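Participant: Numbering (the numbering used here), first residue to last: 1231 to 1355. Ideal placement from N, C-alpha and C gives every residue a C-beta, glycine not left out. Keep in mind it's a predicted model, so treat the numbers as computed, not measured.
1. Which class does residue 1348 belong to by DSSP, given the choice of helix, strand or coil?
2. Under three-state DSSP, which class holds residue 1300?
3. DSSP three-state label for residue 1322, please.
4. Whose C-beta lies closer than 6 Å to the C-beta of residue 1359 among residues of the same chain, with five residues either side of it excluded?
5. Taking contact to mean 3 or more Cβ pairs, one atom from each stretch, closer than 8 Å, check whether the stretch 1275-1292 and the stretch 1231-1240 are in contact.
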């Protein structure tokens, strides 16, 4: 499957920004910190072949990303989460999910400057 690493739903993102106004910067900073933590834990889970760690962190990253409109990150994290579930149901290996981690990392790295720019834009208003 092809993923759009840059995909963002600006309606969701701008809606959240408008709703939170002055607290938007705090939310973005919190998201970036939490997402980095989830991503590192997910990488460790893949290295350790620990499906519970992978599933928990992929789900957390998917949910928080989709909630802010960071669709590229959310879709890849969701694919990893679903891959763990499917492997458990089918009794197959999860090793192939490691192939998605560099894509997830890339999508997250691409989202960082875009999110930071929304803080700067909000400060200008």
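Facilitator: This is what the structure gives:
1. The answer is helix: DSSP assigns residue 1348 an H, G or I state.
2. In the structure shown, residue 1300 sits in coil (DSSP, three-state: anything other than H, G, I, E or B).
3. Annotated three-state conformation of residue 1322 is coil, per DSSP.
4. Since the first residue shown for the chain is 1231 and the last is 1355, residue 1359 is missing from the structure and cannot be characterised.
5. Segments in contact, no.
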